[in-house]
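Basically this note's numbering = 1-based index in the sequence shown + 242.
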Amino acid sequence: MPLSPAVEVNGLVKRYGADTAVDGLHLEAASGQVTAVLGPNGAGKTTTVEICEGLRRRDGGEVRVLGRDPVRDAAALRPLVGVMLQDGGLPNTQRAGDVLEHVARMYAAPADTGELTERLGLAGFARTSVRRLSGGERQRLALAVALVGRPRLVFLDEPSAGLDPQARHAVWDLVGELAGDGVSVVLTTHAMAEAEALADHVVIVEHGRAIASGTVAQLVASGGTTTLRLEAAQPLDVAAVADRLGSSFTVTSVGRTACSVSGPVDPQAVAAITGCLADAGTQVTRLELGRRTLEDVFLDLTGRSLR
């Protein structure tokens, strides 16, 4: 018998005065998998997650977390759900190690704090007050606090923000192990590489609605599987390249002397591009063919303008 979803969101609405932050959003996170929720700033993803965590009340729609209502059943859910907030939510005056030990004592069967300390490299700053920790150190402590209760479901908001490469990969390994042990993970991130590395399922949110969902492979394949990136010694006429290729391709400027081409890139398309540049007397300095990435999908769906 299939497991029930860890999180079910149907028609979720949240308003702040005249502004609608979440507008009829539908989202499902499967049990024992990593679900990544992606979206530009202001898309509504953090509000959605905070409603699932019971930190905000919804104005409409239905939300179920481990089969329960996150507000009405908050007491029952608290021992089962781990939360890593975007701002950490940690007491600034307390020492890092004391915070972890204090939270561990709140649970009947907590995880081994020594093991968490070792895995996340907390020992070097365990006696340092939270306010004196670097951004990356706070992130690692916040993750340890979210996991120390052995949750069945964990919400992670930007878990690798501010981490150096070594710490980032340690966090990724730990998240992968959680899912391998049957823990459900809902991850919000702006790091496309993180989502590609960790997510079993991806939901892209824009203007308070889910506009795309699927596995990374499904999303990447949805608009063509290859991209061609080129750099030139002179400014590129991107419009001319787009006209030469036709409507099956998307040509995006990357600065004045580089562009990215998405679509069914084949030898004929490459010949068309290089022929266009040759006609303009433009010297190509780099030509790289590769698969379409999750970032390409994200930008195609949400645009490239700043928010």
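Using N, Cα and C, we set each Cβ at its ideal position, and we do this for glycine too.
The structure presented is a predicted model; accordingly, all values stated were derived computationally and were not measured.
To the nearest angstrom, report how far apart I453 and A368 are at their CA atoms.
If you number the sequence shown from 1, residue 453 lands on position 211. If you number the sequence shown from 1, residue 368 lands on position 126. Straight-line Cα distance between these residues: approximately 42 Å.
Can you give me the Cβ contacts of V493 inside the same chain, cut-off strictly under 7 Å, excluding the 5 residues immediately before and after it?
Taking the sequence shown and counting its residues from 1, one reaches residue 493 at position 251. Correct list, in chain order: V480, V483, A484, L487, C501 and V503.
Suppose you measure from the CA of G286 to the CA of L440; what does that come to, to the nearest Å?
What you label residue 286 is simply residue 44 of the sequence shown in a count that begins at 1. What you label residue 440 is simply residue 198 of the sequence shown in a count that begins at 1. Spanning the two alpha carbons is a distance of roughly 22 Å.
So which of R528, V462 and G517 has the shortest CA-CA distance to P506?
Here residue 506 corresponds to residue number 264 of the sequence shown, with the count starting at 1. The option with the nearest alpha carbon to P506 is V462.
Taking DSSP's pairing of strands, which residues face L364 in a bridge?
Here the question's residue 364 lines up with position 122 in the sequence shown. Per DSSP, none; premise fails for L364.
Rounded distance between the beta-carbons of V313 and G302, thought under 8 Å:
Position 60 of the sequence shown, counted from the first residue, corresponds to residue 302. Position 71 of the sequence shown, counted from the first residue, corresponds to residue 313. Not really, about 14 Å apart at Cβ, beyond 8 Å.
Within 9 Å, strictly: CB atoms of Q476 and T457:
Indexing the sequence shown from 1 puts residue 476 at position 234. Indexing the sequence shown from 1 puts residue 457 at position 215. No; because the gap between Cβ atoms is not below 9 Å, this pair is not in contact.
Are the Cβ atoms of R300 and L254 separated by less than 9 Å?
Against the sequence shown, residue 300 aligns to sequence position 58. Against the sequence shown, residue 254 aligns to sequence position 12. Cβ atoms of R300 and L254: closer than 9 Å.
Given a threshold of 16 other Cβ atoms within 10 Å of its Cβ, counted over all protein chains shown, does S490 qualify as buried or as exposed?
Counting from one through the sequence shown, the residue named residue 490 turns up at place 248. S490 is exposed by the Cβ-count criterion.
Following the continuous beta strand (DSSP E) through F397, name the residue where it begins and the one where it ends.
One-based indexing of the sequence shown puts residue 397 at position 155. Element bounds for F397: L395 to D399.
Find out if the Cβ-Cβ distance for the pair V447, S426 is shorter than 9 Å.
If you number the sequence shown from 1, residue 447 lands on position 205. If you number the sequence shown from 1, residue 426 lands on position 184. No, these two residues do not count as a Cβ contact at 9 Å.
Endpoints, the alpha helix (DSSP H) within which T290 is located
For the purposes of this step, residue 290 is taken as the residue at position 48 of the sequence shown. First-last of the alpha helix (DSSP H) with T290: K287 to C294.
Is the distance from the Cβ of E530 to the Cβ of L478 below 9 Å?
Stepping through the sequence shown from its first residue, residue 530 is reached at position 288. Stepping through the sequence shown from its first residue, residue 478 is reached at position 236. Taking 9 Å as the Cβ cut-off, E530 and L478 do not qualify as a contacting pair.
With three or more beta-carbon pairs closer than 8 Å as the criterion, would you say the segment 397–405 touches the segment 345–354?
no
Considering only C-alpha positions, which residue in the set A421, E250 and G331 is nearest to L308?
Here residue 308 is taken as the residue at index 66 of the sequence shown, counted from 1. Nearest C-alpha to L308: E250.
E337, DSSP secondary structure in three states
Position 95 of the sequence shown, counting from 1, holds the residue named residue 337. Before going on, a small fix: residue 337 reads as Arg here, not Glu. The answer is strand: DSSP assigns R337 an E or B state.
How many Å lie between G418 and A278 at the Cα?
Translated into positions along the sequence shown, residue 418 becomes position 176. Translated into positions along the sequence shown, residue 278 becomes position 36. One C-alpha to the other measures close to 13 Å.
Taking the CB atoms as reference points, tell me whether R361 and A412 lie closer together than 9 Å.
Position 119 of the sequence shown holds residue 361. Position 170 of the sequence shown holds residue 412. Their beta carbons are under 9 Å apart, which means R361 touches A412 by this criterion.
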